[in-house]
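Colleague: First the structure, which I've put down as structure tokens, then a few questions once you've had a look.
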Amino acid sequence: MEEKNLDFIRTIISEDVASQKNEGRVHTRFPPEPNGYLHLGHAKSICLNFGIANEFNGLCNLRLDDTNPSAEKVEYARAIQEDVKWLGFDWDDRLFHASDYFQQLYEWAVQLINEGKAYVCELSFEEMRKHRGTLTEPGKNSPYRERERSESLDLFERMKAGEFEEGSKTLRVKIDMHSPNLNMRDPVIYRILHQEHPETGDKWKIYPSYDFAHGQSDSLEGITHSLCTLEFEHHRPLYDWFCQNLQIHHPQQIEFARLNLNYTIMSKRKMLRLVEEKHVDGWDDPRMPTLSGMRRRGYTASAIRSFCEKVGLAKRENVIEMELLEFCLREDLNKKAHRRLGVLEPLKLTISNYPDDQVEELDAVNNPEDPSAGTRKITFSKHLFIDRNDFMEDPPKKFFRMAVGKEVRLKYAYYVTCKEVVKGEDGKIMELICEYDPQSRGGGTPDERKVKGTIQWVDSTTAINPEIRLYDRLFKAPNPDDVEEGKDFLSNLNPDSLTSLSSALVEKSITDLKAAEPFQLERIGYFTVDSKSKSPDSLVLNRTVAMRDSWAKKHLK
RNA sequence: AGCCUGGUGGUGUAAUGGUAGCACAGGAGUUUUUGGUACUCUCAGUCGGGGUUCGAGUCCCUGCCGGGCUGCCA
Numbered sequence: 001m002e003e004k005n006l007d008f009i010r011t012i013i014s015e016d017v018a019s020q021k022n023e024g025r026v027h028t029r030f031p032p033e034p035n036g037y038l039h040l041g042h043a044k045s046i047c048l049n050f051g052i053a054n055e056f057n058g059l060c061n062l063r064l065d066d067t068n069p070s071a072e073k074v075e076y077a078r079a080i081q082e083d084v085k086w087l088g089f090d091w092d093d094r095l096f097h098a099s100d101y102f103q104q105l106y107e108w109a110v111q112l113i114n115e116g117k118a119y120v121c122e123l124s125f126e127e128m129r130k131h132r133g134t135l136t137e138p139g140k141n142s143p144y145r146e147r148e149r150s151e152s153l154d155l156f157e158r159m160k161a162g163e164f165e166e167g168s169k170t171l172r173v174k175i176d177m178h179s180p181n182l183n184m185r186d187p188v189i190y191r192i193l194h195q196e197h198p199e200t201g202d203k204w205k206i207y208p209s210y211d212f213a214h215g216q217s218d219s220l221e222g223i224t225h226s227l228c229t230l231e232f233e234h235h236r237p238l239y240d241w242f243c244q245n246l247q248i249h250h251p252q253q254i255e256f257a258r259l260n261l262n263y264t265i266m267s268k269r270k271m272l273r274l275v276e277e278k279h280v281d282g283w284d285d286p287r288m289p290t291l292s293g294m295r296r297r298g299y300t301a302s303a304i305r306s307f308c309e310k311v312g313l314a315k316r317e318n319v320i321e322m323e324l325l326e327f328c329l330r331e332d333l334n335k336k337a338h339r340r341l342g343v344l345e346p347l348k349l350t351i352s353n354y355p356d357d358q359v360e361e362l363d364a365v366n367n368p369e370d371p372s373a374g375t376r377k378i379t380f381s382k383h384l385f386i387d388r389n390d391f392m393e394d395p396p397k398k399f400f401r402m403a404v405g406k407e408v409r410l411k412y413a414y415y416v417t418c419k420e421v422v423k424g425e426d427g428k429i430m431e432l433i434c435e436y437d438p439q440s441r442g443g444g445t446p447d448e449r450k451v452k453g454t455i456q457w458v459d460s461t462t463a464i465n466p467e468i469r470l471y472d473r474l475f476k477a478p479n480p481d482d483v484e485e486g487k488d489f490l491s492n493l494n495p496d497s498l499t500s501l502s503s504a505l506v507e508k509s510i511t512d513l514k515a516a517e518p519f520q521l522e523r524i525g526y527f528t529v530d531s532k533s534k535s536p537d538s539l540v541l542n543r544t545v546a547m548r549d550s551w552a553k554k555h556l557k
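Under our numbering, read the first sequence as residues 1 to 557, first letter to last.
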């Protein structure tokens, strides 16, 4: 690490390494709660934590922060591991759970009681809230605050044994009911929960709170820098308090601003609603900003990593524009995606001067950005299809595509000129009759005449018909939470976020592609085979992202 | 209202008292068998007011604005 222009966290860590703090060690961790799927915001944190460990020759642990069994599921824990691996990071044998430390945490709680620093409180939720005070008024001490240590010890023991109802008692730490930081007003560190835990089963009837578990878990794992988002800033004094009072290794908590993206949400809670209320197809719906959804949509891990690098790191609130994400995606896909031909809305094209029964094979380049990707054969015959929007009866000035009397190039094939438009009774265009120039095979002619327009096509003798799904942003508003009084983010859902096309045609070689391999349908966009599509009879293709289209953009108005 | 925290082009992020830079987006152009890609050029910024200094985005004071905090969630 010698480059300058480090972000503020890497600056701190460089200085710590230089001053031999923690003997020069760097050890981070990524600590998700298994109560939902990982999303793009988590990707930022994963890239940060694992990235820093890499850059400083350190380590990064994966820790499932499972202190609240009422919200957590093994399905989520499984998905988290899959997603972190897919993103390209490896925790080796360092997968931990906060629940691994329940026994130690319990002993530390007993220690605090013995030292007169913690007590069992019997205030109800409501009473505790009243005692806490408000933002402007100090709180009042709990009537149980000064009870005998032995009594607290006994009660805590019986809480653990499951003798009391949920909510009836808590273990609180004695700090300061007058603190301007509400988190310091005798926070609860243990609550009664008669809940099976995915990892510890029915062993525990009491569970530690986040504040009592997180810092100590970091400490036990020898974490040096505990990176978290801004909302934990007010918890740092507590984090520090426990490390100091327990006299244990004291990692440094550093907060950074979480990632926000416009036109979407970045909250597990809201995503859960979308899933539960069936506004989407599940956590891995290709419209979701979850890693599993983006993967299914066709996003590559490298594009997401590049994005996480480019968004930067600071403490100020931010909303990143979707365009940056799409830029990273296209930049990556452009280099690696093989090209294929396909048409979304087929329009029949017949070449009148082409032999009736002839079918020939032409060479098509797989990836102009990567010669090593080679070429493939595509068939060509008298009856083809082009995309309906590549023809205009009454074209504007700079329309380069097909129109009556204009010559265009069929990519990798021949020059054709439209001679006649065949219409149905309703006036709809049914077919184009064209003539081709046999001299233009492959896309060029001996006279080297210029043909500005090049369009894609498919051959009727070999094309296949997959279902194609086009996606648009999930929400209509840049900030989905920006709603009228009495409404919520759901009112901003984009009703057109999914369009399914049933009559599209693509070249047959699509079936040669491996699952999850990205490809480009030339001039249309990047696609991938939907991971849930049953091949090959009912092939489903997801459009990952459309091509940049400067023509469409300019002509929007 | 109290406490904490933050304010640099449209968006994001650098510059740590010494030429305000980079990326995305926007605009113009060159190349092109993808109206793609690549390349070139371009538009545009230090929240306001005081102060310290030869010199302030940076330090000090003050005002304004944004975000967070009153779970036995994390």
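Quick reminder that beta carbons are idealized off the backbone N, C-alpha and C, glycines included. These figures come from a predicted structure and were not determined experimentally.
Determine the extent of the alpha helix (DSSP H) in which V17 is found, giving its start and end residues.
Modeller: Unbroken alpha helix (DSSP H) run through V17: F8 to A18.
Colleague: Run the CB neighbour count on G201, radius 10 Å, all protein chains shown included, and call it buried at 16 or more, exposed below.
Modeller: With fewer than 16 other Cβ atoms within 10 Å, it is exposed.
Colleague: Under DSSP, the alpha helix (DSSP H) around L558 begins and ends at which residues?
Modeller: In the structure as shown, the chain begins at 1 and stops at 557. Residue 558 is therefore absent and cannot be evaluated.
Colleague: May I ask which residues mark the beginning and end of the beta strand (DSSP E) holding Y76?
Modeller: First-last for Y76: V74 to L87, but that is the alpha helix (DSSP H), not the beta strand (DSSP E).
Colleague: In terms of residues, what are the limits of the alpha helix (DSSP H) holding K270?
Modeller: Unbroken alpha helix (DSSP H) run through K270: K268 to E276.
Colleague: So, under 8 Å CB-CB, V173 and A257 are touching, yes? Tell me the CB distance rounded to an integer number of Å.
Modeller: Actually they do not touch by this definition, with Cβ atoms about 29 Å apart.
Colleague: According to the Cβ coordinates, are P69 and L272 closer than 8 Å?
Modeller: No, Cβ-Cβ distance for P69 and L272 is not below 8 Å.
Colleague: Straight-line CA distance for S372 to S502?
Modeller: Their backbone Cα atoms lie some 34 Å apart in a straight line.
Colleague: Pull up the distance between the alpha-carbon of N542 and that of I455, whole angstroms please.
Modeller: Roughly 22 Å separates the two Cα atoms.
Colleague: With a floor of 4 residues, list each alpha helix (DSSP H) that falls wholly inside the stretch 317-347, ordered by position along the chain.
Modeller: Correct list: 322-336.
Colleague: Given that a residue counts as buried once 16 or more other Cβ atoms are within 10 Å of its Cβ, and exposed if not, what is G427?
Modeller: By the 10 Å Cβ count, G427 comes out exposed.
Colleague: Quick one: using the 10 Å Cβ neighbour count with 16 as the cut-off for buried, is T342 buried or exposed?
Modeller: The residue you asked about is not Thr; residue 342 is Gly in the sequence shown. Buried.
Colleague: Buried or exposed: which applies to G587, given that a residue is buried once 16 or more other Cβ atoms fall within 10 Å of its Cβ?
Modeller: The first residue shown for the chain is 1 and the last is 557, placing residue 587 beyond what the model contains.
Colleague: What runs of the beta strand (DSSP E), each 3 residues or longer, lie entirely inside the stretch 334-420?
Modeller: As far as the stretch 334-420 is concerned, its whole beta strand (DSSP E) runs of at least 3 residues are 338-340, 346-351, 359-365, 375-381, 383-387 and 407-410.
Colleague: Name the residue from R340, N465, H338 and T379 whose alpha carbon lies nearest to the alpha carbon of D357.
Modeller: Nearest of R340, N465, H338 and T379 to D357, Cα basis: T379.
Colleague: Do you know how far the Cα of P396 is from the Cα of V275?
Modeller: Distance between the alpha carbons of V275 and P396: 45 Å.
Colleague: Is it buried or exposed, K268, if we count other Cβ atoms within 10 angstroms and call 16 or more buried?
Modeller: Buried, because 16 or more other Cβ atoms sit within 10 Å of the Cβ of K268.
Colleague: Tell whether a beta-carbon distance below 8 Å holds between D437 and L384.
Modeller: In this structure, L384 does not lie closer than 8 Å to D437 by Cβ.
Colleague: Using beta-carbon positions only, say whether N35 and A71 come within less than 8 Å of one another.
Modeller: For N35 and A71, yes; Cβs fall inside 8 Å.
Colleague: Grouping DSSP H, G and I as helix and E and B as strand, with all else coil, what is R158?
Modeller: Residue state, collapsed to three classes: helix.
Colleague: Please tell me whether H225 and T28 are closer than 8 Å, where the distance is taken between their beta carbons.
Modeller: Yes; because the gap between Cβ atoms is below 8 Å, this pair is in contact.
Colleague: Strictly by DSSP, which residues pair up with S226?
Modeller: Partner(s): Q253.
Colleague: Just to confirm the assignment, what range does the beta strand (DSSP E) spanning A546 have?
Modeller: First-last of the beta strand (DSSP E) with A546: V540 to A546.
Colleague: Taking the C-alpha atoms as reference points, what is the distance between Q195 and Q104?
Modeller: If I take the Cα positions, the gap works out to 20 Å.
Colleague: Using a 10 Å radius around the Cβ and a threshold of 16 neighbouring Cβ atoms, would you call K423 buried or exposed?
Modeller: Under this definition K423 is an exposed residue.
Colleague: Spatial neighbours of K411 within its chain, please: CB distance less than 6 Å, with the 5 preceding and 5 following residues excluded, ordered by chain position.
Modeller: Excluding sequence neighbours, K411 sits near T454 and Q456.
Colleague: Measure the C-alpha to C-alpha separation of Q20 and D549 and round it to an integer number of angstroms.
Modeller: If you take the alpha carbons of Q20 and D549, they lie about 53 Å apart.
Colleague: Closer than 8 Å by C-beta to M266: which residues in its own chain qualify, once you throw out the five before and the five after it? Chain order, please.
Modeller: Here the set comprises H39, L40, G41, R258, L259, N260 and P289.
Colleague: Pull the bridge partners of A118 from the DSSP assignment, please.
Modeller: A118 pairs with V173.
Colleague: Can you tell me where the alpha helix (DSSP H) with D566 in it begins and where it stops?
Modeller: Nothing can be reported for residue 566: it is not among the residues displayed for the chain, which extend from 1 to 557.
Colleague: So, for E484: in the same chain, excluding its five sequence neighbours on each side, which residues have a beta-carbon less than 8 Å away from its beta-carbon?
Modeller: The answer, listed in chain order, is S491.
Colleague: Roughly how many angstroms separate the alpha carbons of K140 and G162, rounded to a whole number?
Modeller: Cα to Cα, the separation comes out at about 29 Å.
Colleague: How far does the beta strand (DSSP E) with I433 in it reach, from first residue to last?
Modeller: Run containing I433: I429 to D437, per the beta strand (DSSP E) assignment.
Colleague: Would you mind reading off the limits of the beta strand (DSSP E) that contains E467?
Modeller: E467 -> beta strand (DSSP E) spans E467 to Y471.
Colleague: Output the distance between the C-alpha atoms of M1 and S14, rounded to the nearest integer angstrom.
Modeller: The predicted model places M1 with a pLDDT of 41, which falls under 50 and marks its position as unreliable, so this point remains unresolved.
Colleague: Report yes if the CB atom of I46 is closer than 8 Å to the CB atom of F89, and no otherwise.
Modeller: Taking 8 Å as the Cβ cut-off, I46 and F89 qualify as a contacting pair.
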